[in-house]
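J.: Residue numbers (the working numbering): 26 to 109. Glycine is no exception: its CB is placed at the ideal position from the N, C-alpha and C atoms.
(1) Going by the beta-carbon positions, is the gap between residue 72 and residue 66 smaller than 9 Å?
(2) Where does residue 92 sit, in a helix, a strand or coil, going by DSSP?
(3) Inspect the beta-carbon positions of residue 54 and residue 93 and report whether they are closer than 9 Å.
(4) Quick check on the burial criterion: 16 or more other C-beta atoms within 10 angstroms. Buried or exposed for residue 83?
(5) Buried or exposed: residue 49, going by 16 or more other Cβ atoms within 10 Å of its Cβ?
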């Protein structure tokens with residue numbers, strides 16, 4: 026988690042070098058196929074939850090604005106979100 030916070034701090038430093046313009050991280054999120062898709066077989070998405078929490082905490086502690094990847098309600102383990 027410290028590495029993620031450090032990465033966000035680095036983004037802030039770079040933004041300051043651009044004249045202090047507001048910083049918005051475009052799209053952020055995590056892949057939901059961690060550990061070779063194990064979660065889809067066990068229906069236990071704890072690893073993905075922890076990973077996403079780490080990303081959001083790193084952004085929040087630095088007061089960084091961001092957008093999150095969209096999650097489609099018709100998503101399924103068999104077919105994904107029919108988007109990508």
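T.: In this structure, then:
(1) At least 9 Å separates the beta-carbon of residue 72 from that of residue 66.
(2) If DSSP states are grouped into helix, strand and coil, residue 92 belongs with the strands.
(3) Cβ atoms of residue 54 and residue 93: closer than 9 Å.
(4) Taking all protein chains shown into account, residue 83 has 16 or more neighbouring C-beta atoms within 10 Å of its C-beta and is therefore buried.
(5) Counting C-beta atoms within 10 angstroms of its own C-beta, residue 49 has fewer than 16 neighbours from the protein chains shown and is therefore classed as exposed.
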